[in-house]
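Start counting the sequence shown at 130; every next residue gets the next number (our numbering). These notes concern the structure reproduced below.
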Amino acid sequence: MQDFEGRVAVVTGAASGIGRGLARRFAEEGMRIVLADVERDALEAAAAELRDAGVEVLAVEADVSSAASVEALADRAYEAFGAVHLLCNNAGVGGGRGPTQDTTLADWQWILGVNLWGVIHGVRAFVPRMLDGGEEGHVVNTSSGAGLAATPFNTVYGTSKAGVVALSEALWLELDLRDAPVSASVLCPGLIRTNILDAERNRPEALRNPGEPPPEGSGRARLRDAMESSGMPPAEVAAHVVEAIRERRFWILTHDDMDPWMRQRAESILARSNPSGRLGG
Numbered sequence: 130m131q132d133f134e135g136r137v138a139v140v141t142g143a144a145s146g147i148g149r150g151l152a153r154r155f156a157e158e159g160m161r162i163v164l165a166d167v168e169r170d171a172l173e174a175a176a177a178e179l180r181d182a183g184v185e186v187l188a189v190e191a192d193v194s195s196a197a198s199v200e201a202l203a204d205r206a207y208e209a210f211g212a213v214h215l216l217c218n219n220a221g222v223g224g225g226r227g228p229t230q231d232t233t234l235a236d237w238q239w240i241l242g243v244n245l246w247g248v249i250h251g252v253r254a255f256v257p258r259m260l261d262g263g264e265e266g267h268v269v270n271t272s273s274g275a276g277l278a279a280t281p282f283n284t285v286y287g288t289s290k291a292g293v294v295a296l297s298e299a300l301w302l303e304l305d306l307r308d309a310p311v312s313a314s315v316l317c318p319g320l321i322r323t324n325i326l327d328a329e330r331n332r333p334e335a336l337r338n339p340g341e342p343p344p345e346g347s348g349r350a351r352l353r354d355a356m357e358s359s360g361m362p363p364a365e366v367a368a369h370v371v372e373a374i375r376e377r378r379f380w381i382l383t384h385d386d387m388d389p390w391m392r393q394r395a396e397s398i399l400a401r402s403n404p405s406g407r408l409g410g
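Written out as structure tokens, the structure is:
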């Protein structure tokens, strides 16, 4: 997909972080934008910003963990613009940190519901219509570096993101085998300047853990500081995404410093050796 001008992009999780950065960049490319997010006030603010810049925008409050909500999003997008050329299944949440056996069922339901089922629902709702349209198109599914190399005490999030990688790779292969005009990419960012650590603000009441939330530990505080001080700006992530779409490139990896971890994991698999959380060991 080379030409963005006048085409239609749908971005979930578009009210903040990477999603908002993607929407801004696609608008700069001359696209019409469908913004989707569960956070109403932030969604309206993001839509107003683009409208003030002269962009044609549709804002839809949507919960990607719900198949019906994502189907309704697709209906709204096609009713408004008649086509969708670029789909970014980007909505995501973080959380559920701690020993694997201590994670709660609510953690699994919430995080997989958004991070993995949100992508599943997006693919099912939009890709058949995109293929039926017969035009050039692209799907970008947001995973994470955590989806490529496991880290301890981050099991729920890592599992959700590894699932997105597997889904996306299969989708790319299937589209390629049929020589479809639609292709796919998986976005695996490293440390990005977003507010994902505050994702609990949008956690449904029914999926909250009982009792008071645990205090922010030193590891989480260090991660927050690192994201704020040295995290990649979302605009830079969006530039990586646009470049990959134009090159019809599947892997969108934003940080070269993740390469040693991925290399070690691949070599460990080929050597049939045990996993290690330490580089070189």
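Idealized CB from N, CA, C, for every residue including glycine.
Relative to the Cα of residue 361, the nearest Cα in the group 386, 379, 376 and 337 belongs to 386. The C-alpha of residue 145 is placed about 15 Å away from the C-alpha of residue 243. Counting the other CB atoms within 10 Å of its CB gives residue 192 a total of 16 or more, which places it among the buried residues. Remark: C-beta atoms of residue 224 and residue 329 approach each other more closely than 8 Å. Assignment of residue 189 by DSSP, reduced to helix, strand and coil, places it in the strand class. For residue 284 and residue 339, the gap between their C-alpha atoms comes out near 20 Å.
In this structure, 138 is the residue among 391, 138, 377 and 232 with its C-alpha nearest to the C-alpha of residue 158.
Between the beta-carbon of residue 227 and that of residue 274 there is about 20 Å, and that puts the pair past the 8 Å contact cut.
Around the Cβ of residue 253, a 10 Å sphere holds fewer than 16 other Cβ atoms; the residue is exposed.
Within the DSSP secondary-structure output, residue 162 pairs in a beta bridge with 138 and 186. In its own chain, leaving out the 5 sequence neighbours on each side, no residue places its CB closer than 7 Å to the CB of residue 211.
Nearest to residue 269 by alpha-carbon distance, out of 155, 404, 199 and 316, is 316. Here the C-alpha atom of residue 378 lies approximately 12 Å from the C-alpha atom of residue 297. Cβ neighbours of residue 291 within its own chain (closer than 7 Å, five residues either side excluded): 276.
Three or more Cβ pairs closer than 8 Å define a contact, and the segment 296 to 311 meets that threshold against the segment 255 to 268. Excluding residues up to 5 positions away in sequence, 214, 259 and 311 lie with their Cβ nearer than 6 Å to the Cβ of residue 266 in the same chain.
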